[in-house]
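In our numbering, the protein residues as written are 335 to 1105.
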């Protein structure tokens, strides 16, 4: 399992104290941006007036909080921390304090709290080292490191004597049987006896093992810890505001640079205010030569550069892919220490040796290990499908390419080249609907992650631990899925901050192959597909309605009923694409009922992960990309259309590009309640409801059609998309204005007004009050 642990520090440069507001924001940012499920808090003094508020904040952010503490602190408040939900304690001594370790060990036992130990290797050059095995026997995890901070490898520490490494090896051996889970960080394999290789934790192991820190969260912590409290606060504020502005490209471009140049802070922000409307070109990868022989030469240069960077010993070592070699931390801790090549075939799996060592799982990781019953059933069903049933069709290598990248086609295969750490995806393999099963082979190279991509909103990928794997993605009728790597189920993992592991696959999908951080080259071949019903066999609709529904389930039901009773449409002419977040309201139940009662209404479900519940522009773009209709109508979940809406659209001249209703009738709370309770059937009493509405709004928003109902030709979407912000204010107006600026004024459907259900004011993200 990859790590889901974040890192937050209450101290920064020169041991200065960071304010509570910054720490609260840091916790929220860790949960929202890096999707960590737990976090370690470095608060060496164990100050209860700071830790208790942060435990409450972590709970609100959906995190479990652990405390990293110097054992010299008083463990007296630990009972209060345990009652407030503390996950565990990390003892990180800054000096040889045996009495402190004993106090905290006993306090943890008395309060039923597990403890881990982060032990700086430099402290092993002291008499207390002989007592450590008995003191740390009850620890859940022991990490020995040679960096200078509380997180392994955080910064370089002072040089230490070579016998310190011998002391670390002796300590690990003393605890290797029946003791804590062991980790030795910042040391190459060649400097450790073979029986201790399972305990080595270099960067590849830390990226793949559940006990360590999420890479993005750790890098963010490293940046902040190096700053003053004021600059740390500014940095967190900028980070949490990303995605909340129409013009935040400068924030993304400047932030990494500004952190290193304090003197430029004022000038950069001054320029930001002046240039915030100027478009910024993001750097693009250098294009590859579109010639196979040139690519081969480029690959040879890449391999030669890798060998020079590694040095002759590491380049010849079988551990070169899973070891940091003589890292800067190691070289500063042990100046002049020799390294040597370990002969043999290269090891590609970072946990190849770690798998032989015992592991400890806290409550968060233990829950992640449990495979639900439906997942176990899916695994068996997937294996039966793959072993006993021939595929329904094969997708030959000739039918897909690498998107926006040179595609080197070989006989019956595609060779992927890359010399950067980014992601490559194929063009769509097929248009499918659950249930389906995909099987693809990746071989002839190595990459950080391989798997399948679905639009921009979902990735189902896993680590590549050998030079070749066969992946199978098995999806049931409800969109639940399991990923098998070489016939073994694996937990999918995201590999970028913006990528999410979906709970379910939508009812229409266009899967692609995905590879990230490709080391030179990989080959893919024919993809096999088992499918039930397939969206490819369904003819395109004439009209596609896109509805994003978050916490509007009861109003969505009324909106769909009106769509199910549209007049003058041939069967199959209308499809409804619903983007939603499963579990936050009853949308799935509403869609189940509508499909059972009105099977002729084609409903496509596109589920999103919970962190997207406010990303309405993003959800609209992803759903509209799957629309097949000549006309796309964006509709709010609280809008009821008149029965002749789409016949009116069909009657428009062929040159019409953008259309909208004349206005909307605002229904009052009592009438809305009647609709939601089923006492009023709006599809049967549409005119009466219009006449009774207390307010009619005509041509709002400076004349540009607002987002509650916008209809446009499919080709418009190829050029103009919604602004993707973490809020929705102004996005619909900007979308309309962009269409009008590009294609000319919209066409108003004269006399056609929609009904707007009441929900007590502006509620872009839904309402918890279903009156």
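Ideal Cβ positions, reconstructed from N, Cα and C, are used throughout, including at glycine.
Buried or exposed: which applies to residue 516, given that a residue is buried once 16 or more other Cβ atoms fall within 10 Å of its Cβ?
buried
Could you tell me which residues DSSP pairs with residue 1000 in its beta bridges?
Among the bridge pairs identified by DSSP, residue 1000 is matched with 1029, 1090.
Cα separation between residue 1083 and residue 995?
5 Å
Is residue 363 helix, strand or coil when you go by DSSP?
DSSP places residue 363 within a helical segment (H, G or I) once states are collapsed to three.
Do the stretch 351 to 371 and the stretch 680 to 689 make contact, defined as three or more Cβ pairs closer than 8 Å?
no
With DSSP as the reference, label residue 374 as helix, strand or coil.
DSSP places residue 374 in strand when its eight states are reduced to three.
When the distance is taken between beta carbons, is residue 809 closer than 8 Å to residue 770?
yes
Could you tell me the distance, in whole angstroms, from the CA atom of residue 722 to the CA atom of residue 779?
29 Å
Bridge partners for residue 845 per DSSP, in chain order?
788
Do residue 907 and residue 876 count as a contact pair if the criterion is CB distance below 8 Å?
yes
Consult DSSP for residue 350 and reduce its assignment to one of helix, strand or coil.
Residue 350: coil per DSSP, three-state reduction.
Please state whether the Cβ-Cβ distance between residue 462 and residue 449 is less than 8 Å.
no
In whole angstroms, give me the CA-to-CA distance for residue 1053 and residue 886.
30 Å
The alpha helix (DSSP H) that contains residue 468, what's its start and end?
466 to 470
Taking the alpha carbon of residue 1037 as the reference point, which residue from 1013, 1070, 790, 1018 has its own alpha carbon closest?
1070
Near residue 920, which residues of its chain fall below 8 Å by C-beta distance, leaving aside the five closest residues on each side in sequence?
Taken in chain order, the residues that qualify are 887, 888.
Kindly provide the ranges of any beta strand (DSSP E) runs that are 3 or more residues long and lie completely inside the stretch 1038 to 1074, ordered along the chain.
1043 to 1047
In the DSSP assignment, the beta strand (DSSP E) including residue 742 goes from what residue to what residue?
742 to 744
Tell me where the alpha helix (DSSP H) around residue 414 begins and ends.
412 to 417
Residue 399 to residue 344, Cα distance in whole Å?
A straight line joining the alpha-carbon of residue 399 with that of residue 344 spans about 13 Å.
Where does residue 427 fall in DSSP's three states?
coil
Can you tell which of 341, 951, 985 has the C-alpha that lies nearest to the C-alpha of residue 969?
It is 951.
Compute the Euclidean distance between the alpha carbons of residue 478 and residue 505, then round it to the nearest angstrom.
9 Å
Using beta-carbon positions only, say whether residue 1089 and residue 1024 come within less than 8 Å of one another.
yes
Classify residue 811 as helix, strand or coil using the three-state DSSP reduction.
coil
Does DSSP put residue 1021 in a helix, a strand or coil?
Of the three classes helix, strand and coil, the one that applies to residue 1021 here is helix, per DSSP.
Considering just the uninterrupted stretch of the alpha helix (DSSP H) at residue 558, what are its terminal residues?
549 to 559
Near residue 967, which residues of its chain fall below 6 Å by C-beta distance, leaving aside the five closest residues on each side in sequence?
879, 1045
Under a three-way DSSP split, which group does residue 954 fall into?
helix
Just tell me which of 927, 1073, 963, 1022 has its CA closest to the CA of residue 283.
A query on residue 283 cannot be resolved here, the shown segment of the chain reaching from 335 to 1105 and no further.
Considering only residues of the same chain and omitting the five flanking positions on each side of residue 758, which have a CB-CB separation below 8 Å?
736, 737, 739, 750, 752, 848, 849, 850, 852
Count the other CB atoms within 10 Å of the CB of residue 608; is the residue buried (16 or more) or exposed (fewer)?
Confidence at residue 608 is low in this model, with a pLDDT of 42, below 50, so the placement of that residue should be treated as unreliable; the coordinate-derived value is given next. Answer is exposed; the Cβ neighbour count stays below 16.
Looking at residue 975 and residue 883, is the spacing between their C-beta atoms short of 8 Å?
no
On the CB-based measure, 16 or more other CB atoms within 10 Å of its CB, does residue 798 come out buried or exposed?
Residue 798 is buried by the Cβ-count criterion.
Within this structure, are the beta carbons of residue 930 and residue 909 separated by less than 8 Å?
no
In this structure, does DSSP put residue 570 in helix, strand or coil?
helix
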